[in-house]
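To convert, note that position 318 of the sequence shown is 302 in the working numbering; the numbers rise steadily by one, no gaps.
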Amino acid sequence: MANDILKLTNFECYTSEVIIKFIELVAKCKNFVNAMAYDISGDQGRNYRISGSVSSGEGKEEKKLAASVAAVVALPSVEGDGSRRGGDPNGRFKGLMWYKDLGAHANGEFSMAVIQANNLMEDQSQLESGPLSSVKLGPHGAFVGVYDGHGGPETSRFINSALFSNLKAFASEHQEISADTIRKAFLKTEEEFLSLIKRQWNEKTQIATVGSCCLVGVICSGLLYIANVGDSRAVLGRVDKAAKCVAAIQLSTEHNASIESVRDELRSLHPQDSQIVVLKHNVWRVKGLIQSSRCRRALRGRLEKRGMTFRLTEPFPEPILSAEPSISIHKLISKDQFVIFASDGLWDHLSNQEAVDIVHNHPRNGIARRLVKAALHVAAKKREMRYSDLEKIDRGVRRHFHDDITVIVVFIDPHSMNRSSSRSSILSIRGGTPSSPKL
């Protein structure tokens, strides 16, 4: 029975039929589930959110069911206000944009916004606040994830549903949050996705050609952990009294072929391959295909199946892209005001300091939306068009003007770092939702 429920938790979209099936399966599990609470909300009768908790007794099946229900991927509801803290807990949509203007996390406040450009939304994101493990007195704090998919949304969606659960599992095992537990969670998620590719190969050949960047921030016990694979970016805003400003400090290590040191690293790792990095249309790309030098799922060679040939003219003897995260640890101080987590869609149009200045000089409420709009204004200007005209362009075609953009601004309250009251703020929110492909 638990296996049947686990199958349902692998999907991002839930139809009414799936919801009914979910309830029927749960109802049949009364023999080993002591108590369960769940909530269902819908997007105009099309997509649904399932959230809940399970209290179970002893035994492997009970724990398996509890884990599967807890791992159900929650789709945001379009109902409610969402314009103020304490409004719609799931945010709201306006055109191609999803946003949560202001909310509270364990160590302060946050603002989120996502704008879609691709026909299928490839960016995924989440913010988790509260317990960071399954141990009763284990670590508490906030988890932020930005997952920028490429080639399709499958990898970023998978990370969105699996990475935090894996982190909690390793944090429970080691009874702490550390660089090692975060690294293990990254590699475990990679391993699980590769296993999924093998299982679905015959039915979904294209799944082997997709990947995702992965940027994570964890705030716990006064420390900020930053882990990154790819070219998303985390930027800290820190008060600089001498310069009388809030300075931008990049916390993440970027893996992008546009950076000379990254190209040098690739060449040293693949000395026999003169085409390991290629300048194509004035943009450096790995094998002429992708700018990121690291991503979730290792890029392999030519794939021929059912008459389809994917991008590459010859097979690779070894994986080209690494899934090993770059991890750094920062001791938070009173001068640290906020951190901007964003996919490269934002940084294509705004510098680190420009983004920090916008956050510093405007109210917190709606600040993530403001950053997205600032980037869109620059994107429109680059194409010599008005912002109002850019707004009229639909997804798919919109990708010619800008990428999907995800922004999460996390404000840090220094007084909450070491006090027990921070344990009371429990939250799980996911940015945006996958759209159906436009016909």
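Backbone N, C-alpha and C fix where the C-beta goes; we use that ideal spot for every residue, glycine too. Note that this is a predicted model, so its numbers are computed, not measured.
According to the DSSP assignment, HIS124 belongs to no alpha helix (DSSP H) but to the beta strand (DSSP E) extending over 124 to 134. With respect to the 8 Å criterion, GLN108 and PHE148 are not classified as neighbours on the basis of their beta carbons. Non-local C-beta neighbours of ARG370 in its own chain, meaning closer than 8 Å and more than five positions away in sequence, comprise ALA364, ordered along the chain.
About 6 Å separates the beta carbons of PHE94 and ILE392, which is inside the 8 Å limit, making them a contact pair.
Between GLY201 and the set SER372, HIS346, LEU220 and ILE389, the nearest pair of CA atoms involves LEU220. Three or more pairs of CB atoms, one per stretch, sit closer than 8 Å, so the stretch 113 to 132 contacts the stretch 151 to 164. Assignment of PRO398 by DSSP, reduced to helix, strand and coil, places it in the helix class.
For ASP328, the enclosing alpha helix (DSSP H) starts and ends at 328 to 331. Spatial neighbours of ASP224 in its own chain (CB-CB distance under 6 Å, excluding positions within 5 residues in sequence) are listed in chain order as ALA231. Straight through space, the alpha carbons of ASN102 and GLY92 are spaced by roughly 32 Å. Boundaries of the beta strand (DSSP E) around HIS314: 310 to 315. Assignment of PHE325 by DSSP, reduced to helix, strand and coil, places it in the strand class. Nearest neighbour of CYS229 by Cα position, chosen from THR237, SER372, ASP341 and ALA88, turns out to be ASP341. Around the beta carbon of GLN100, a 10 Å sphere encloses 16 or more other beta carbons of the protein chains shown; the residue is thus reported as buried. A direct Cα-Cα distance of roughly 24 Å separates LEU334 from GLY135. In the structure shown, the three-state DSSP call for ASP164 is helix. Less than 8 Å divides the Cβ of ALA211 from the Cβ of ILE311. Closest option to THR139, judged by alpha-carbon separation, among LEU207, GLY416, LEU180 and ARG367: LEU180. DSSP places GLN190 outside any alpha helix (DSSP H), giving it a letter other than H or E. Annotation: the continuous beta strand (DSSP E) that includes GLN234 extends over 229 to 234.
A direct Cα-Cα distance of roughly 19 Å separates LEU360 from ASP215.
Measuring C-alpha to C-alpha distances from PRO347 to each of LEU80, VAL128, ILE143 and LEU86 identifies LEU86 as the nearest. Between TYR83 and ALA339 a beta carbon distance of about 17 Å is seen, past the 8 Å cut, so the two are scored as non-contacting. Remark: C-beta atoms of LEU316 and LEU207 approach each other more closely than 8 Å. In the three-state DSSP reduction, HIS386 falls in the coil class, being neither helix nor strand.
At the C-beta level, PRO137 and GLU106 come within 8 Å of one another.
Our two residues, VAL362 and SER236, have alpha carbons roughly 24 Å apart in a direct line. Taking the C-beta atoms as reference points, VAL130 is found nearer than 8 Å to LEU199. Between ARG354 and ARG414, the alpha-carbon positions lie close to 19 Å from each other. Restricting attention to LYS357, VAL98, VAL128 and PHE77, the CA atom closest to the CA of ALA90 is found in VAL128. Straight across, the Cα-Cα distance linking LYS366 with PHE385 is about 9 Å. Your pair ASP373 and GLY329 does not check out as a contact, with CB atoms roughly 19 Å apart and the cut at 8 Å.
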